[in-house]
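Peer 1: Before we start, here is the structure in question, set down as structure tokens.
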Amino acid sequence: MKSPLLQVSDLTCEFRVRGGTVHALNGVSFAVEAGETVGLVGESGCGKSTLARCIVRLQRPTAGRLVFDGQDYAGWPERRIRRLRRDVQMVFQDPMTALNPSWSARRLIMEPLLLHRIPEREARLRHLLDEVELPEGILNRRPGELSGGQRQRVAIARAIGPRPRFVVLDEPTASVDMSIRAGLLRLLRKLQREEGLTYLFISHDLSTVRHIADRLLVMYLGKVVEEGAMESVFSKPSHVYTQVLLSSIPIPDPSVHRERLPMLGEPPSPTEIPTGCPFRPRCPQATDECKQPQPYYEVAPGHRAACRLAKPAGGRETFAGVKRGVA
Amino acid sequence: MSTNLLTVEDLTVAFEGQSRPVLSRVNLQVPADGWMGLVGESGSGKSLTSLAMIGLLPPGASVLGGRVLMDGVDLLAQSPDQMRRVRGSRIGMIFQSPRSALNPLMTVGAQIARSISHQTGVPHAERGAVELLRKVQMPDPELRVHAYPHQLSGGMCQRVLIAMMLAARPRLLIADEPTTGLDVTVEAEILDLMHSLQEETGMAVLLITHDLGIVAEHCREVAVMYGGRIVEEAPADLLFRDPGHPYTAQLMATLLRADRPVDFAEAVGNRHPDVAAGSGCRYAPRCPHAEQACITTSIELEIAGPGHLVACRRRRQLAGLSIDEKAGMTRVGPRS
């Protein structure tokens, strides 16, 4: 079996804060194959952004492994990480804060080309503009003089400039209007095809993720609770949290009436992680069994959920992380 | 025909020093009960319309013309004092980022109590605050009444604001992106709460949002804004099924829905983004069906059917086209 481009294993990330420890990532494991788009969803505070920052190593994980192309870089010193970043890039949620407001678009797009000593930079710059469908006229403008969609295109050009293989997209369409969103998604897909990119697409917007990603990871309180091929997860959501989440999405069609599944209590605190299933305190179907750590049960090939209700009659477990699906 | 609670007539608003008005002859009829949606992208003027209605325009903006009629009275002609009373009692408001609408130095109970006192004249209304928190399904209301806004989640802060609004028993609630920034599960809870409160009180809700999913789910009537004008107004089921304006069609064509995969829509046909919008339709430069006259000739909302108003010169020629055809879009396969 071919080894994945990125393998995340038992990733843990904790932050000491006044009054306790925030367990942002609590043993996250998954793999991303070259050329695919993996969607990552979950609510605010579930650890999505921490995971993104760990993958590009803006944040050093507390424990666990991050293997890119066969090399574990979780503990690499900053100097070595810089070379990794040529391959692993990130597009941030809000280009207004991610881009230096006093730099021109030219300087912004040129910077990563200089940092990574990309040859024939001027030609690359022109090519990049073409790729992200921006006119040359914007090169002398600063972020404040660009539209929201143009700013995000500049941010995308910066990320793909050094010809990375893996790009983490953290809510890349959250800051733009709906009419712009479709164009950005189409652009990201085109770039993936032309530049042979692999994406981790982070979003809280399931309607968007459904249309861009091949596979879906659902996170809750620092854990991946369900993972599988997009259509498999949507047609057979198997963790109760995934079911609640999917039932909450408003459908833009007045003729559709959905039944929203309830949750109990209040959003949890990441300083107090419950034992066993992290969703247990809010789950209407929780039992004593859920106080024990839940293994992943295979729902369909490559589709697994850490919920006792996903247990098939025969009880086939796949163990945390490394294995997914049957080859 | 249901009666209208509030009618906006030819509302025109401009910012100081700008030649073109930011709202241009906006007409809107808010039904006396049920939900009406006001949709459009950022900068289309939907929030400004609601602020003008309640006399809270930002500094630099002024009303150049038009009327806002409620109970036969033009709200635009009221004094600031009179408007303050209207806002407190007849029109309630909730906004995006609920935490910033609360006083960080007061407990939420004290803020709700103050709102009750303001309405009823009862001096110490702390007990009423707990009742209202219970009504908005705040968990542990006896405990939360003593909490400060920073101790509550965004969803809970919005519940507090809804409680304060309820104290006044308004006949119209203006909700401007009330759930933007909240998680999807919390958003669903807040909207469901608002829905049951609306049914209980029979108030009217004017929901301002860019999220057509929420509109489809809650609103009976919808008005669509573009470039400071209403371009279409229709019952929700009709608007989603057979939009009359090419801009509305574009919104519908680019919708992504979570319940089934759709192919991306991609623009085809002639557009003229470099042409400056003239005195005609503001959407004309982006419209695949625009003619020269669309840019230069002014256009009003016209009746296109029962309860259906459209401001498009080419409305008749476009009738019968599919949504994608009206929007000038074609479908691109998911993996192409």
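Taken in order, these protein sequences are the chains called A and B.
Following this note's numbering, the numbering of the first sequence begins with 1 at its first residue and continues without gaps.
Following this note's numbering, the numbering of the second sequence begins with 1001 at its first residue and continues without gaps.
C-beta: ideal position from N, C-alpha, C; glycine also.
Since the structure is predicted, the reported quantities are computational estimates derived from the model, not experimental observations.
1) Run through the segment 110–182 of chain A for me and flag every whole alpha helix (DSSP H) of 4 or more residues, listed as ranges in chain order.
2) In chain A, which residues lie less than 9 Å from proline 1139 of chain B when you measure between Cβ atoms?
3) Is the CB of histidine 239 of chain A under 8 Å away from at least one CB in chain B?
4) Quick one: grab the DSSP three-state call for glutamate 1233 of chain B.
5) Establish whether the CB of methionine 1001 of chain B and some CB of chain A are separated by less than 8 Å.
6) Note down, in chain order, every chain A residue with its Cβ under 9 Å from the Cβ of phenylalanine 1015 of chain B.
7) For a contact meaning CB atoms closer than 8 Å, what does glutamine 1151 of chain B contact in chain A?
8) Which bits of chain B does aspartate 177 of chain A rub up against, with CB to CB less than 8 Å?
9) Where glycine 1328 of chain B and arginine 1127 of chain B are concerned, what is the direct C-alpha to C-alpha distance, given to the nearest angstrom?
10) Which residues of chain B have a Cβ atom closer than 7 Å to the Cβ of alanine 182 of chain A, listed in chain order?
11) Where glycine 1088 of chain B and aspartate 1010 of chain B are concerned, what is the direct C-alpha to C-alpha distance, given to the nearest angstrom?
12) Return the chain-ordered list of same chain residues with a C-beta closer than 7 Å to the C-beta of proline 112 of chain A, the five sequence neighbours on each side being excluded.
13) Determine the direct distance from the alpha carbon of proline 1123 of chain B to that of valine 1086 of chain B, and round the result to whole angstroms.
14) Could you spell out where the beta strand (DSSP E) holding threonine 1180 of chain B opens and where it closes?
15) Going by beta-carbon coordinates alone, are methionine 1194 of chain B and alanine 1175 of chain B separated by less than 8 Å?
16) Note down, in chain order, every chain A residue with its Cβ under 9 Å from the Cβ of threonine 1248 of chain B.
17) What distance in whole Å lies between the Cβ atoms of glutamate 1177 of chain B and threonine 1209 of chain B, which are believed to be in contact at a cut-off of 8 Å?
18) Comparing the C-beta of arginine 165 of chain A with each C-beta of chain B, is any distance below 8 Å?
19) Determine which residues share a DSSP beta bridge with valine 1068 of chain B and list them.
20) Is the separation between the beta-carbon of valine 1108 of chain B and that of arginine 1144 of chain B shorter than 8 Å?
21) In this structure, does DSSP put alanine 1168 of chain B in helix, strand or coil?
22) For glutamate 1199 of chain B, does the count of other Cβ atoms within 10 angstroms reach 16, so buried, or fall short, so exposed?
23) At the level of alpha carbons, what is the spacing between isoleucine 1299 of chain B and serine 1044 of chain B?
24) In chain A, which residues lie with their C-beta within 8 Å of the C-beta of threonine 1185 of chain B?
25) Kindly list the residues whose CB is nearer than 7 Å to the CB of alanine 34 of chain A, restricted to its own chain and excluding five residues on each side of it in sequence; keep chain order.
26) At what residues does the beta strand (DSSP E) containing cysteine 13 of chain A begin and finish?
27) Exposed or buried, which one is glycine 39 of chain A when buried takes at least 16 other CB atoms within 10 Å?
28) Once you ignore the five residues that flank proline 1080 of chain B on each side, which residues in its own chain have a CB closer than 8 Å to its CB?
29) Using a Cβ-Cβ distance cut-off of 8 Å, determine whether alanine 1175 of chain B contacts chain A.
30) When you compare the CB positions of serine 207 of chain A and leucine 1256 of chain B, do they come within less than 8 Å of one another, or not?
31) Quick one: Cα of serine 1153 of chain B to Cα of leucine 264 of chain A, how far?
32) Using CA coordinates, which residue listed in A:Ala229, A:Cys290, A:Leu25 and A:Ile251 is at the minimum distance from valine 32 of chain A?
33) Answer yes or no: does any C-beta atom of chain B fall closer than 8 Å to that of threonine 208 of chain A?
34) Which residues of the segment 199–230 of chain A have a Cβ closer than 7 Å to any Cβ of chain B? Give them in chain order.
35) Note down the Cα distance separating proline 77 of chain A from serine 238 of chain A, rounded to an integer number of angstroms.
36) Does the contact criterion of 3 or more C-beta pairs under 8 Å hold for the segment 126–134 of chain A versus the segment 93–103 of chain A?
Peer 2: A quick look at the data gives this:
1) Counting only runs of 4+ residues, the alpha helix (DSSP H) found wholly inside the segment 110–182 of chain A occupies 121–131 and 148–160, in chain order.
2) Gly265 and Glu266
3) no
4) strand
5) Residue placement at methionine 1001 of chain B cannot be trusted, given a pLDDT of 45 that sits under 50; the coordinates are not used to answer.
6) Under the 9 Å cutoff, chain A gives no residues; its nearest Cβ is about 19 Å from phenylalanine 1015 of chain B.
7) Ordered by position in chain A, no residue passes the 8 Å Cβ test against glutamine 1151 of chain B, which lies about 12 Å from the chain.
8) Glu1041, Ser1042 and His1210
9) C-alpha separation (whole angstroms): 58 Å.
10) When 7 Å is used as the limit between beta carbons, alanine 182 of chain A is near these residues of chain B: Thr1254, Phe1264 and Ala1265, in chain order.
11) 25 Å
12) Arg158, Gly161 and Pro162
13) Rounded to whole angstroms, valine 1086 of chain B to proline 1123 of chain B spans 21 Å at the Cα level.
14) Where threonine 1180 of chain B is concerned, there is no enclosing beta strand (DSSP E), because DSSP gives it neither an H nor an E.
15) yes
16) Near threonine 1248 of chain B there are no residues of chain A at all, since even the closest Cβ is about 12 Å away, more than 9 Å.
17) 6 Å
18) no
19) For valine 1068 of chain B, which the question treats as bridged, DSSP gives the partners B:Val1008.
20) yes
21) coil
22) exposed
23) 17 Å
24) Glu43, Val244, Leu245, Ser248 and Met263
25) Leu5 and Thr198
26) 6–17
27) buried
28) Gly1055
29) no
30) yes
31) 15 Å
32) A:Ala229
33) At least one C-beta of chain B is nearer than 8 Å to the C-beta of threonine 208 of chain A.
34) His204, Leu206, Ser207, Thr208, Arg210 and His211
35) 40 Å
36) no
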